[in-house]
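Have a look at the structure below, then the notes.
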Amino acid sequence: MARKLQPHIIINDRSQLPEDFGTPEEHITPATGGRMWEACMTFNGSWGWQKTPPEDWHSARKVIEMLRICTANGGNLLLNIGPHPDGSVPREAVERLDAVGRWVETYGGVMAGKVAPATPLVSALGNWTRKGRTLYFWCSRWPGKTLALAAIHGRLAQARVYPDGKPLPFTQDAQRIVVSGLPAECPDKAAQVGMIEMKFRTEPRQYFNAGPVLPDVIPAEMDSKWTSPFQLDWQVSKRLPLPKGGIAAARALRPREAGLHWAKERGGGNGFVSIHDRFGDADGMVWLAQTVSVAADGRWTLFVGHDGGVKVFLDGRVVLTEAKTVNPSVPGRSQVELALAKGRHRLAIAFDLAAGRGWGIFVCWGVPASQRRGRVKPAWPRVG
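Position one of the sequence shown corresponds to residue 94 (the numbering used here), numbered consecutively onward.
Given below as structure tokens:
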């Protein structure tokens, strides 16, 4: 009836029929086959006003990432505010929209015209869009003065900080591209999402994941005979506010603590529990926890690879605090020797998303040198 009365009408898919365009709600799933679409998102999980904690509001960086996905895949973004009962806009929304607006004033040009995703290019520091052979790196984890991009093949012609930066020096070999001369701090003060423009002479391709890669040679303290497989099964909390004083101020968890909303997570083939995949560019803190059991009293070395600050608790007791950012893919990973009594033990790790580069974390066990004599086959702490 509607199409008969108005032949040029455009109808969405809310009638449970495909109709003219898709409207995914509370998730951003690009349409395929050239179909029009619009992602319908809330700011804090509610279409109307409701009192919600700060961590439930999308950050300005998260909204910008929504814009990137929609822009790169030919979609629109509908972002709901949820005003107060008197019609006023909540302060949390005003602050974030102001930051996004200032960001768009500077970087909106990358969203104009024909934009496409730069798949399958991957980096732990940000994401990509493209226009022809010009790629735009939406850098949500500013690397400092040097940016290294792994496994990208394609001849780079020029790199600069968008929109008005001068050409930057770079080197390129078969393994990576290294761009230097960047500002030490992210040039975008509104949302901390900088933009780097890269022009390629030949089509850029990436032949393997540019995420963290474990070293080819395991250092002596991680000799494979005396090092366990990675601990892959974890309970992971939702994102929480980082305490004042940073990760070092994180307190021990209480059993079954309310509000954490634990969910199961499993590490990938490289041993990492990918915090980046679960939380994207969100700042704050998350907890990883598991129960381990040992068959007899003994001593073990706990190795923790991490790219953001961590604080490790064993049975509610602090055993390791490392606030600085380290590269988990090199021998500089953190370690601590622990005495474990026969039975079950609760291992909990607070992880700083804000300081991290978004890669994730891995954990494995080792036998200290003092405990190796006479052992033929080590017995590791087991999950469960």
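In this text, a Cβ means the ideal position worked out from N, Cα and C, and glycines have one as well.
* Through-space distance from Ile289 to Pro260, alpha-carbon basis -> 10 Å
### Query
Quick one: complete beta strand (DSSP E) runs, 3+ long, within the region 377-418?
378-387, 391-399, 403-407 and 410-415
Which listed residue (Leu190, Gly219, Ala165 and Ile162) has its alpha carbon closest to that of Ile174:
Looking at Leu190, Gly219, Ala165 and Ile162, the one whose alpha-carbon comes closest to that of Ile174 is Leu190.
inquiry  = Tell me which residue opens and which closes the alpha helix (DSSP H) that Met129 is part of.
reply    = No alpha helix (DSSP H) holds Met129; the beta strand (DSSP E) holding it covers Met129 to Thr135.
Reduced DSSP category for Asp106 - H, G, I as helix; E, B as strand; rest coil: Asp106: coil per DSSP, three-state reduction.
Counting pairs of Cβ atoms below 8 Å between the region 156-171 and the region 235-255, do you hit three or more? With a cut-off of 8 Å, the region 235-255 and the region 156-171 do not count as touching, because too few Cβ pairs lie within range.
Quiz item: When DSSP labels each residue in this structure, what does Gly201 get in the three-state scheme?
Solution: helix
- Task: Whole angstroms is fine: what's the gap from Asp309's alpha carbon to Leu249's?
- Result: Bear in mind that a pLDDT of 38 at Asp309, under 50, signals an unreliable position, so the model cannot answer this.
Measure the CB-CB distance between Val460 and Pro471 and report whether it falls below 7 Å. yes
(request) Return helix, strand or coil for Glu119, following the three-state DSSP convention. (result) Assignment of Glu119 by DSSP, reduced to helix, strand and coil, places it in the coil class.
Validate contact between the region 316-332 and the region 228-244 using beta carbons, cut 8 Å, 3 pairs: no
Query raised in the report: Between the beta-carbon of Arg195 and the beta-carbon of Ala283, is there less than 7 Å?
Result: yes
Q | Sequence-distant residues of the same chain with beta carbon closer than 6 Å to Val456, five excluded per side | A | Excluding sequence neighbours, Val456 sits near Gln324 and Val397.
TODO: Helix, strand or coil for Arg184, going by three-state DSSP, please let me know.
DONE: helix
(request) Can you tell me which of Arg226, Ala192 and Gly247 puts its alpha carbon nearest to the alpha carbon of Asp281? (result) Ala192
Check: By DSSP, does Pro260 sit in helix, in strand, or in coil?
Finding: strand
Looking only at its chain, what residues have a beta carbon closer than 6 Å to the beta carbon of Pro297, apart from the 5 residues adjacent to it on each side? Ile245 and Gly247
Using only CA atoms, which one of Ala345, Arg344 and Trp355 lies nearest to Lys331? Trp355
Would you report the Cα separation of Arg392 and Arg161, rounded to the nearest angstrom? 49 Å
*asked:* Could you compute how far the alpha carbon of Pro210 sits from the alpha carbon of Ile270?
replied: Roughly 20 Å between the two C-alpha positions.
- Query: Going by C-alpha distance, which of Lys292, Thr239 and Ile104 is nearest Glu278?
  - Reply: Checked all of Lys292, Thr239 and Ile104; the closest Cα to Glu278 is Thr239.
### Query
DSSP state of Gly167, grouped into three classes?
Three-state DSSP puts Gly167 in coil, outside helix and strand.
Discussion item. Once the 5 residues before and after Gly115 are set aside, which same chain residues still bring their CB inside 7 Å of it?
Written reply: Asp106, Ala124, Arg128 and Trp130
Residue range of the unbroken alpha helix (DSSP H) whose run includes Arg325: Note that residue 325 is Leu in the sequence shown here, rather than Arg. Per DSSP, Leu325 belongs to no alpha helix (DSSP H) and is neither H nor E.
*So the alpha helix (DSSP H) Lys97 belongs to, where does it begin and stop?*
That run of the alpha helix (DSSP H) goes Ala95 to Leu98.
(request) Look at the alpha carbon of His101 and the alpha carbon of Phe293, and state the distance between them as a whole number of angstroms. (result) Per the coordinates, the alpha-carbon of His101 lies some 42 Å from the alpha-carbon of Phe293.
What three-state label does DSSP hand Leu307 in the structure shown? Low confidence applies to Leu307: its pLDDT is 38, below 50, so where it sits in the model is not reliable, and the reading given next is rough at best. Reduced to three states, the DSSP call for Leu307 is coil.
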